[in-house]
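Chains V and U, in that order, are what the protein sequence lines are.
287 is the number that the numbering used here gives to position 287 of the first sequence; each next residue is one higher, with no gaps.
1128 is the number that the numbering used here gives to position 128 of the second sequence; each next residue is one higher, with no gaps.
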Amino acid sequence: MSEGTLTADPPAETPSHGRRGGLLSNPATLFRWGVRLVIALIVLTPPLYFEPSWLRVGQYVMIGAVAAIGLTLLTGQAGQLSLAHPFFMFVGGATYCVLGSEDAPGKVGFGLPSLVALIGAILVAAALGLAFAPVSGRVRGVYLGVATLALVYVGLYLGQQWTSLSGGTASGRPSPDLNLFGIKTLRNDPEISFLGQAMEREQRVWYLFALLLLIAALLAWGAVRSRPGRAWRAVRDNESAASALGVNVPRVRAEVFAISSGYAGLAGVMTVMWYRLLKPDESEFAGTYSIVVAIAFLAMILIGGLGSVGGAIAGSVLVFGLPGMLTIMIGGNELFGTSGANAITPAIFTSFVYGAAIIIVVLFEPGGLAALGRRLKATAARTQLGSTLLSPKGS
Amino acid sequence: MNTFIQVMVNGLGKGAVYALLALGFVIIFKASGVLNFAHGSFVLLGGYVAVRTQDDLGFTVSAILGVATAGLGALFIERVLVARRPLADPIALALLTIGVDVILTEEIIRRLGVELPFLGRPYDGKPIQVGDITFFRTQLIALAVGAVLVTLFFLAFRLTGWGVAMRAQAENREAAALMGIRRGRVTAAAWVIGGVLAGVAVLFLATQDFSGSGLSRGTHAIALVAFPAAIIGGLDSTEGAIVGGAIVGLTEALSAQYISFEFSKVAVYVVMLTVLIVRPSGLFGTRERTRV
């Protein structure tokens, strides 16, 4: 890799053939499960204790995380710069509404079960990503980044014109309720309570999104660590060498674009559920599916470390989480004593933060948070306690 | 027929502005290998300084001030940020400029608040009637200014020492450095020119005639059209930037007239995608060759 390449690839792991001891016999294994338990608690307990407004911030972060994981696979692992994520989100959201809603005057709907609509939305987004292969397969590097920008404009135009599908910019169309094996997500039907806390809409959506994010992250980790991930990195680093090693380069490029689009499609479904509304944007530079959002996703994966799944999630906490958190914490929209039309709102402040973070990452820490984390881990591993807890599996 | 002539003239006037933006963009790319996503924020920076000073200093002085600020802003970004990572890969540097763009744009938009100030008082909103045909003065002046600046640039590019140095560097960085060409200076000059051209472009962009809206986030979005213009022509071709700008301007004007206003924005990108599928490096761009 040349100097200055921005990736957060972990050093190649040597496969461990150590004994698989009991859970308690090995401090390192125990520590690893401890970390997993803490993460599980962080994800599972907020619905029991937090206000719905906080839960909505968390849900939004999870939407961003799913989309950013898709983008980090494409841009970080496979080296294809894309700004088209908002377009595929819009496609996913619209497909979900069209497939899952009942037919209504002026609005096409197929009335399929919502779970089928969810899967259909992912598949349609992925299929459109595949249909972009003639461009994504031929156009390289920064050219591809600009080429994908075209899709954002196409999405904007179709969303405004094709109102029987999108609902139009004026009113949009409502999101179908996701019925997960009898449990509705957006309504209290059936009523459930868990540890004395009623599981209402925000709690349900939180758990649903956490489940979707978990599946998305596990699939991505699996792909990165196995054959597809190796093919992506080979294509990214040197296409000629990859093809000499037997990697079908055009096919891999098309596949990873489709997979990434599928992730964006899922994020689109989640977005529609979060707003409880599908509403096409009115302009290309402000809105749910606009260029600004495409840039926010790029910021997430860059800050987290290009190619790192965990980093994508961390990036989303910063970029998608900070505005909501600040708004709740300061109880308003005006920071630093500014007010009125020129106020520094949490959204603007967040833009400053992630704009600066992008610059800092490129200049000083090209691997992003992922590399930072690995360095901390390496430092910790040099201590007595750290080396026991962080040692590779089974050693 | 009259409508057609009118649309063509307007399209070419818009094309001239896009060509200025695309040319600056291409010069920066040629000299430093950076796809400058911050170009739109240079546009806003120049425009902001011009609108803030035009009441006190008059249009001409404020315009010069705005253009100079855009050029200096670009120089600052190059010296302080981009020049620190001369060997970084192109995508990393493109992302770096995205970071710059986000900060600069948000701050200027915040400062503008709900105002949408217009530029171009001497020529904006004063159409000329020739027979049945209405010409917008802004577009005509843009065309003239564009032609002059582009000619000046190409003369400098062909005849001056800087132009030769720049072409040598774009051809082969290492060889140019070995011949004693000072990379830092050539690159810095390229960024200044890019910024200056963006500063000139905004004088026409934020007008009634051109966009119907004053300096705003919309201006930044219009400046993004420099991307397709540069890409259509080929990112490393200065002639291509002019052709690309004209194609984009005409596409936009013709499709707005004969199809629909909403479609005109998409039409530009559809043309760009078509060009990319046929020629992945643009019409005049150098094709990338891979050697094993």
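Yeah, the Cβ is synthetic: ideal placement off N, Cα and C, and Gly gets one too.
Given the structure is predicted, the values throughout are model-derived calculations rather than measurements.
How would you label residue i, buried or exposed, when you count the other beta carbons within 10 angstroms and need 16 or more for buried?
i, result
"residue 113(V)", "exposed"
"residue 329(V)", "exposed"
"residue 189(V)", "exposed"
"residue 1094(U)", "buried"
"residue 1317(U)", "Outside the modelled stretch of chain U, which goes from 1001 to 1292, sits residue 1317(U), for which no answer is possible."
"residue 1106(U)", "buried"
"residue 194(V)", "exposed"
"residue 336(V)", "exposed"
"residue 284(V)", "buried"
"residue 49(V)", "exposed"
"residue 105(V)", "exposed"
"residue 1066(U)", "buried"
"residue 1(V)", "Residue confidence is low: residue 1(V) scores 39 on pLDDT, short of 50, so the model does not pin down where it sits. Its coordinate-derived value is still stated next. So residue 1(V) ends up on the exposed side."
Taking DSSP's pairing of strands, which residues face residue i in a bridge?
i, result
"residue 208(V)", "For residue 208(V), which the question treats as bridged, DSSP gives no partner whatsoever."
"residue 1134(U)", "1129(U)"
"residue 184(V)", "179(V)"
"residue 107(V)", "104(V)"
"residue 197(V)", "194(V)"
"residue 173(V)", "278(V)"
"residue 335(V)", "344(V)"
Return the Cβ separation of residue i and residue j in integer angstroms, given the expectation that the two are a contact with Cβ distance under 8 Å.
i, j, result
"residue 213(V)", "residue 66(V)", "6 Å"
"residue 278(V)", "residue 167(V)", "6 Å"
"residue 1244(U)", "residue 1253(U)", "Not confirmed; about 15 Å, so no contact."
"residue 1255(U)", "residue 1267(U)", "4 Å"
"residue 7(V)", "residue 367(V)", "7 Å"
"residue 258(V)", "residue 130(V)", "4 Å"
"residue 1204(U)", "residue 1017(U)", "5 Å"
"residue 122(V)", "residue 229(V)", "The Cβ separation is near 20 Å, so there is no contact."
Grab me the residues of residue i's own chain with a C-beta within less than 6 Å of its C-beta, minus the 5 sequence neighbours each way, in chain order.
i, result
"residue 276(V)", "175"
"residue 84(V)", "148, 151"
"residue 79(V)", "236"
"residue 358(V)", "299, 302"
"residue 1041(U)", "1101, 1104, 1105"
"residue 1165(U)", "1181, 1186"
Output the boundary residues of the alpha helix (DSSP H) element that contains residue i.
i, result
"residue 1106(U)", "1090-1112"
"residue 1005(U)", "1002-1032"
"residue 1255(U)", "1238-1258"
"residue 291(V)", "291-304"
"residue 354(V)", "346-364"
"residue 1265(U)", "1261-1278"
"residue 1082(U)", "Counting along the chain, residue 1082(U) falls outside any alpha helix (DSSP H), and DSSP gives it neither H nor E."
"residue 163(V)", "163-166"
"residue 1163(U)", "1161-1171"
"residue 396(V)", "Nothing about residue 396(V) can be reported from this structure: the residues present for chain V run from 1 to 395 only."
"residue 74(V)", "No alpha helix (DSSP H) holds residue 74(V); DSSP gives it neither H nor E."
"residue 40(V)", "27-44"
"residue 324(V)", "322-330"
"residue 1086(U)", "Run containing residue 1086(U): none; DSSP gives neither H nor E here."
"residue 129(V)", "114-131"
"residue 965(U)", "Because chain U here runs from 1001 to 1292, residue 965(U) falls outside it and cannot be looked at."
"residue 1048(U)", "1039-1057"
"residue 140(V)", "Where residue 140(V) is concerned, there is no enclosing alpha helix (DSSP H), given that its DSSP letter is neither H nor E."
Is the closest heavy atom of the ligand COA to the C-beta of residue i under 7 Å?
i, result
"residue 1192(U)", "The ligand COA is absent from the structure shown, which contains no ligands of any kind."
Sorted by chain position, which residues of the same chain lie with C-beta nearer than 8 Å to residue i's C-beta, five sequence neighbours on each side aside?
i, result
"residue 179(V)", "113, 114, 115, 185"
"residue 1242(U)", "1019, 1022, 1023, 1150, 1233"
"residue 1126(U)", "1137"
"residue 1116(U)", "1213, 1214, 1215, 1216"
"residue 1228(U)", "1244, 1248, 1268, 1269, 1271, 1272"
"residue 1085(U)", "1092, 1093, 1096"
"residue 182(V)", "190"
Can you list, in chain order, the residues of its chain with a C-beta nearer than 7 Å to that of residue i? Leave out the 5 residues immediately preceding and following it.
i, result
"residue 1177(U)", "1183"
"residue 1122(U)", "1059"
"residue 1275(U)", "1232, 1282, 1283"
"residue 100(V)", "112, 114, 117, 176"
"residue 1128(U)", "1135, 1137"
"residue 3(V)", "Below a pLDDT of 50, predicted positions are generally treated as unreliable, and residue 3(V), at 42, falls in that range; no measurement from the model is reported."
"residue 53(V)", "328"
"residue 64(V)", "300, 316, 319, 320"
"residue 1188(U)", "1075, 1078, 1079"
"residue 1251(U)", "1267, 1268, 1271"
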